[in-house]
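Asks: Structure in structure tokens, see below.
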Amino acid sequence: MHSIILAGSTEDEEEALRHNGASDENNDGRHNHHHQHREEQRRADSAARERHLHNDKADADREIRELRAELMEAFNRQMEVRRKMMEIDNFLLALSTDLEKLSIVINQWETQKAKYEATEGEGSPEEEPGYIRQAWEDIEYIQGEQQKFLAMREDVEKEFEEAREHTYRLTEVN
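Residues 332 to 505 in this note's numbering are what the sequence shown lists, from first letter to last.
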């Protein structure tokens, strides 16, 4: 308590000064209380900011994990479609190889037939042997299969482009 009592003061003046001193102490108490309240508020705000930053980091980490998972899924999809495309290409290559072999068989027979006709004059060897008729049927079948697989490859190629574009969009957005 800060009391200043002046010489020659009346009792009322002294009482007023004491009252002012008590008022100052109350003000100091209120000031201290207000200061403590501000300090507590500052700490609470700081803790809230820290929690917010922690939550932001957790959210960012979660988003990164989700994006990574999406990218891996998109990449795996892209690889799966690419594998399908390669399988179709391998099958088309096998069909082409079979077609080429059958064409060689037919060409050899036609060459022999032409030689026979040139040396024997009229007449020809017996009609097409069974293996030549079968070769023609196989060629027809293989050509049909090639058309089906070429159409499938076109579809898979479009699917691959879509998968690749999806992966690209994922990387561009983020």
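Every residue gets a Cβ at the ideal spot worked out from N, C-alpha and C, and that includes glycine.
Quick check on DSSP: helix, strand or coil for glutamate 418?
Replies: Of the three classes helix, strand and coil, the one that applies to glutamate 418 here is helix, per DSSP.
Asks: Between which residues of its own chain and glutamate 441 is the CB-CB distance below 8 Å, once the five residues before and five after are set aside?
Replies: Here the set comprises nothing.
Asks: Give a yes or no on contact between the stretch 411-419 and the stretch 475-487, applying the rule of three or more CB pairs nearer than 8 Å.
Replies: Yes: at least three Cβ pairs fall under 8 Å.
Asks: By DSSP, does glutamate 459 sit in helix, in strand, or in coil?
Replies: Correct three-state label for glutamate 459: coil.
Asks: May I ask you to verify whether the stretch 423-433 touches the stretch 467-479, counting CB pairs closer than 8 Å and requiring at least 3?
Replies: Verdict: yes, contact present.
Asks: On the criterion of 16 or more Cβ atoms from any shown chain inside 10 Å, does glutamine 465 qualify as buried, or is it exposed?
Replies: Result: exposed.
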